[in-house]
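As they're listed, the protein sequences go chains A and B. Heads up: take any position in the first sequence, counting from 1, add 2, and you land on this note's numbering. Heads up: take any position in the second sequence, counting from 1, add 2, and you land on this note's numbering. Beta carbons: idealized from backbone N, C-alpha and C, even for Gly. Just so you know, these numbers come straight off a predicted model, no measurement behind them. Structure first, then comments.
There are 2 protein chains.
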Amino acid sequence: MDLRGLEAFCTLARTLNFRSAAAELGVSQPAFSIRIARLEDELGMRLFDRSRAGVSLLETGRQFLPHACDLLERSIVVRETALSIADGRSGQLRVGYTPVSFMGDVPRLLRSYALLKPNVRIELIEGLSGEIEDGVATGRLDAGFVHPLTATPDLQFHPITVDSYVSVLPSDHRYAERTSIRVADLADEEFVLVERNTGPVIYDRIITMCTQAGFSPRIRQEVVNSIAAIGLVGAGYGVGFVVGSLRKLGRDDVAFIPIEGKSPELPLALARGPMKVSPALDDLVEFVEARAPQKSA
Amino acid sequence: MDLRGLEAFCTLARTLNFRSAAAELGVSQPAFSIRIARLEDELGMRLFDRSRAGVSLLETGRQFLPHACDLLERSIVVRETALSIADGRSGQLRVGYTPVSFMGDVPRLLRSYALLKPNVRIELIEGLSGEIEDGVATGRLDAGFVHPLTATPDLQFHPITVDSYVSVLPSDHRYAERTSIRVADLADEEFVLVERNTGPVIYDRIITMCTQAGFSPRIRQEVVNSIAAIGLVGAGYGVGFVVGSLRKLGRDDVAFIPIEGKSPELPLALARGPMKVSPALDDLVEFVEARAPQKSA
DNA sequence: GCAAGTGATAACCCTATGTTATCAGCGGAA
DNA sequence: TTCCGCTGATAACATAGGGTTATCACTTGC
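Below you can see the structure in the form of structure tokens.
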């Protein structure tokens with residue numbers, strides 16, 4: 003069944019005039035007549051009465067009209083849907099994120115993107131940076147907000163921010179009021195660190211920083227993530243290092259003190275696979291890139 | 003947008019093999035490839051990945067697939083609907099009927115037709131025979147169960163049954179146990195008659211019947227229809243004449259006694275206009291004609 | 001490394017579909 | 001009535017879209 007036949011039918015049912023209906027569709031009148039005739043042939047019934055005093059819908063046509071119009075409208079919607087998928091206005095994305103990434107600008111980024119592209123459904127999956135990179139590499143995820151410290155083949159990283167590590171102390175600590183701190187000042191402290199498994203590279207950098215400052219940190223407790231670390235620091239278990247954006251948590255039982263000199267940096271980036279998967283993904287990446295060069299708070 | 007393109011898309015999405023999909027649709031592989039390519043061009047996106055290791059759906063295609071399949075299925079349903087309208091399997095009919103017609107075989111007729119053609123919606127409109135004939139003539143009704151006593155131009159009548167009038171007496175009437183009655187026997191009775199306006203021809207025939215029997219009936223009460231007449235007869239207002247099929251009402255306060263000799267007959271027929279309106283109407287008429295030659299109870 | 005199978009491409013063919021010009025029928029106005 | 005203007009159908013012709021077969025470049029599996 004030809005959609006153009008249905009289109010001709012619906013148009014003629016409205017105008018009841020072959021010539022003007024043909025003009026409306028941009029074809030000549032004979033061609034239009036043939037479209038109608040072919041549709042009638044295919045359906046095995048006459049749809050119009052072309053008797054004297056013009057054209058009128060037969061009962062058969064009257065009954066078929068709503069079905070035809072409905073299908074026609076649906077076809078237009080389907081076409082429009084396809085086009086919106088094609089240019090990334092609609093789609094579905096599975097996007098991974100790390101807990102730390104959600105402490106920074108990422109939620110606001112996603113929110114403004116969702117407002118911009120309401121038909122792009124973004125499914126969010128939390129995980130460690132390595133897990134997410136793995137998910138993107140295997141195609142389980144379309145993209146992910148990760149902390150790319152190691153080069154991962156076949157993944158493209160689009161930088162968003164770089165966050166520096168700061169020291170976190172209990173608010174009654176003797177250094178809690180200082181505006182900055184040297185790592186060496188913490189040589190005698192006990193430490194609460196995020197366990198190496200969570201982020202081996204950053205863990206090693208922290209250890210290296212301490213070593214270069216002349217001491218090997220005494221680790222009292224290892225925890226699974228930075229939030230837990232801050233909690234234990236607040237509980238007096240020791241001091242730690244977390245990314246600066248976590249000060250946004252607004253906890254008053256701990257103090258975030260910048261480190262003098264070079265401190266480890268945690269980059270935040272959007273990772274994606276190398277293949278052109280969907281326009282929606284391209285569009286998200288483009289959006290993130292356009293907004294990227296902003297310094298994190 | 004070409005439905006055959008969508009069909010090709012859905013088929014290929016299922017088989018993931020150009021050759022077998024093409025075979026399934028009964029076209030050659032190059033023709034099939036072109037259909038897919040044209041669809042991709044029109045939608046402005048690639049739908050399939052034709053890389054090594056065969057064909058696979060791209061993310062875009064995966065997202066578009068349900069829309070395409072849905073539209074395709076709907077198009078098939080629409081086509082099927084059209085065909086069923088064309089051959090009368092579905093449709094909508096406005097059918098008139100008289101109260102008396104519904105005392106006979108008509109309800110059973112309509113019921114068995116409804117079972118046979120579940121997609122034909124029959125809207126029933128009650129009215130006097132003349133009103134219904136007028137409705138059919140003007141196109142307000144598609145058909146009607148009427149009692150054609152006068153020839154009406156431009157209407158076709160398809161006979162169903164012919165019902166004879168019988169006398170109706172109170173069950174305690176002195177003739178109530180007789181197996182038949184002569185009209186002359188009722189000369190001294192008072193009568194309950196259906197008013198002339200309801201059915202002038204049959205009214206006149208009843209009067210004529212009485213006149214030929216040698217008396218002019220004393221009319222105690224005129225009522226609007228036969229049911230009311232039977233009710234009043236039961237209440238002792240007098241005797242009357244109604245069509246025999248009304249004995250089906252099963253009332254025990256009245257007796258229906260056949261009339262000896264010639265009694266007025268009330269034909270029942272399906273009336274339709276002269277024009278070919280819809281296959282459903284043709285089908286109903288055909289059905290009624292096929293079942294017609296049955297004698298009424 | 002070869003055989004088998006894939007989808008894309010080329011070359012050709014034809015029919016479906018478009019066009020313009022014209023016809024026959026009907027309605028309204030003089 | 002008679003004629004004009006409008007209708008949709010038809011004829012004759014042009015063309016392009018879509019079909020076909022033959023073949024290619026490429027991958028995969030034994």
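Open item on the list: Please report the straight-line C-alpha distance between B/Arg6 and A/Ala25, rounded to a whole angstrom.
Closed with: Residue 6 of chain B sits at position 4 when you count from the first residue of the second sequence. Residue 25 of chain A sits at position 23 when you count from the first residue of the first sequence. Straight-line Cα distance between these residues: approximately 26 Å.
Open item on the list: What does the Cβ neighbour count give for A/Ile261, buried or exposed, with the cut at 16 atoms within 10 Å?
Closed with: Start at 1 with the first residue of the first sequence, and residue 261 of chain A comes out as number 259. A/Ile261 comes out buried.
- [ ] Could you check the C-alpha separation between A/Leu45 and A/Thr62 for me, to the nearest Å?
- [x] Counting from one through the first sequence, the residue named residue 45 of chain A turns up at place 43. Counting from one through the first sequence, the residue named residue 62 of chain A turns up at place 60. Spanning the two alpha carbons is a distance of roughly 11 Å.
- [ ] Please work out which residues of its chain come closer than 6 Å, Cβ to Cβ, to B/Ser166, disregarding the five sequence neighbours upstream and downstream, and give them in chain order.
- [x] Taking the first residue of the second sequence as 1, we reach residue 166 of chain B at position 164. Hits under 6 Å: Gly246, Ser265 and Glu267.
Open item on the list: Classify B/Leu8: buried if its beta carbon has 16 or more other beta carbons within 10 angstroms, exposed otherwise.
Closed with: Against the second sequence, residue 8 of chain B aligns to sequence position 6. So B/Leu8 counts as buried.
Open item on the list: Quick check on A/Gln141: does DSSP put it in helix, strand or coil?
Closed with: On the first sequence, position 139 is the one that residue 141 of chain A refers to. Here the sequence assigns Gly to residue 141 of chain A, which means Gln is not the residue at that position. Coil at A/Gly141, not helix or strand.
Task: B/Thr13 classed as buried or exposed, judged by whether at least 16 other C-beta atoms fall within 10 angstroms - done: Mapped onto the second sequence, residue 13 of chain B falls at position 11. Buried: at least 16 other Cβ atoms inside 10 Å.
Open item on the list: Do A/Val80 and A/Phe20 have their beta-carbon atoms positioned less than 8 Å apart in this structure?
Closed with: Reading the first sequence from its first residue, position 18 is the one you call residue 20 of chain A. Reading the first sequence from its first residue, position 78 is the one you call residue 80 of chain A. Going by C-beta atoms, A/Phe20 is not nearer than 8 Å to A/Val80.
Task: Same chain only: Cβ atoms within 8 Å of A/Pro276, ignoring 5 sequence neighbours per side - done: In the first sequence, residue 276 of chain A corresponds to position 274, counting from 1. Counting only Cβ-Cβ distances below 8 Å, and skipping sequence neighbours, we find Asp156, Leu157 and Gln158.
Open item on the list: Please tell me whether B/Val287 and B/Leu272 are closer than 8 Å, where the distance is taken between their beta carbons.
Closed with: If you number the second sequence from 1, residue 287 of chain B lands on position 285. If you number the second sequence from 1, residue 272 of chain B lands on position 270. A contact, by the Cβ cut-off of 8 Å.
- [ ] For A/Gly146, name the three-state secondary structure that DSSP assigns.
- [x] Reading the first sequence from its first residue, position 144 is the one you call residue 146 of chain A. In the structure shown, A/Gly146 adopts extended strand secondary structure according to DSSP, grouped into three states.
Open item on the list: Measuring alpha carbon to alpha carbon, tell me which residue in B/Glu192, B/Leu171, B/Gly132 and B/Ala292 is nearest B/Arg253.
Closed with: Locating residue 253 of chain B in the second sequence gives position 251, counting from the first residue. The shortest C-alpha separation from B/Arg253 is found at B/Leu171.
- [ ] Using a Cβ-Cβ cut-off of less than 7 Å, give me the residues of the segment 269-287 of chain B that come near chain A, in sequence order.
- [x] Val279, Ser280 and Pro281
- [ ] Using beta-carbon positions only, say whether B/His160 and B/Ser131 come within less than 8 Å of one another.
- [x] In the second sequence, residue 160 of chain B corresponds to position 158, counting from 1. In the second sequence, residue 131 of chain B corresponds to position 129, counting from 1. For the 8 Å CB-CB criterion, B/His160 and B/Ser131 do not form a contact.
Task: Assigned secondary structure, B/Lys297 (DSSP; H/G/I helix, E/B strand, else coil) - done: Here residue 297 of chain B corresponds to residue number 295 of the second sequence, with the count starting at 1. Low local confidence applies: a pLDDT of 45 at B/Lys297 is under 50, so the model's placement there is unreliable, and no value is given.
Open item on the list: Distance check for B/Leu126 and B/Asp144, CA to CA, integer angstroms please.
Closed with: In the second sequence, the residue the question calls residue 144 of chain B occupies position 142. In the second sequence, the residue the question calls residue 126 of chain B occupies position 124. Computed Cα separation, rounded: 10 Å.
Task: Simplified DSSP assignment, three categories, for B/Glu179 - done: Reading the second sequence from its first residue, position 177 is the one you call residue 179 of chain B. It is coil, neither helix nor strand.
Task: Reference A/Thr100, options A/Val29, A/Glu128 and A/Asp190, closest by Cα - done: The residue labelled residue 100 of chain A in the question sits at position 98 within the first sequence. For the residues A/Val29, A/Glu128 and A/Asp190, the minimum Cα distance to A/Thr100 belongs to A/Glu128.
TODO: Can you give me the Cβ contacts of A/Asp284 inside the same chain, cut-off strictly under 8 Å, excluding the 5 residues immediately before and after it?
DONE: On the first sequence, residue 284 of chain A is found 282 positions in, with the first residue counted as 1. Taken in chain order, the residues that qualify are Gly90 and Lys278.
Task: Own chain partners of B/Ala186 with C-beta closer than 8 Å, once the 5 adjacent residues on each side are dropped - done: Counted from its first residue, the second sequence places residue 186 of chain B at position 184. So the list reads Ala215, Gly216 and Phe217, once near-sequence residues are dropped.
TODO: May I ask you to report which of helix, strand or coil DSSP gives A/Pro172?
DONE: Here residue 172 of chain A is taken as the residue at index 170 of the first sequence, counted from 1. Looking at A/Pro172 - three-state DSSP - the assignment turns out to be strand.
Task: Contacting positions in the segment 49-76 of chain B - beta carbon closer than 8 Å to chain A - done: Leu60, Glu61, Thr62, Gln65, Phe66, His69, Ala70, Asp72, Leu73 and Arg76
Open item on the list: Under DSSP, the alpha helix (DSSP H) around B/Ile232 begins and ends at which residues?
Closed with: Counting from one through the second sequence, the residue named residue 232 of chain B turns up at place 230. That run of the alpha helix (DSSP H) goes Ser228 to Gly236.
TODO: Would you mind sorting B/Ile183 into buried or exposed? The rule is 16 or more other CB atoms within 10 Å of its CB.
DONE: By one-based count along the second sequence, residue 183 of chain B stands at place 181. Per the 10 Å Cβ criterion, buried.
Open item on the list: For a contact defined as C-beta to C-beta under 7 Å, what are the partners of A/Leu45 on chain B?
Closed with: Residue mapping note: residue 45 of chain A aligns to position 43 of the first sequence, counting from 1. Within 7 Å Cβ-Cβ: Ala84, Leu85 and Ala88.
Open item on the list: Just checking: is the beta-carbon of B/Arg37 within a distance shorter than 8 Å of some beta-carbon in chain A?
Closed with: For the purposes of this step, residue 37 of chain B is taken as residue 35 along the second sequence, with counting starting at 1. Judged by the 8 Å Cβ criterion, B/Arg37 is not in contact with chain A.
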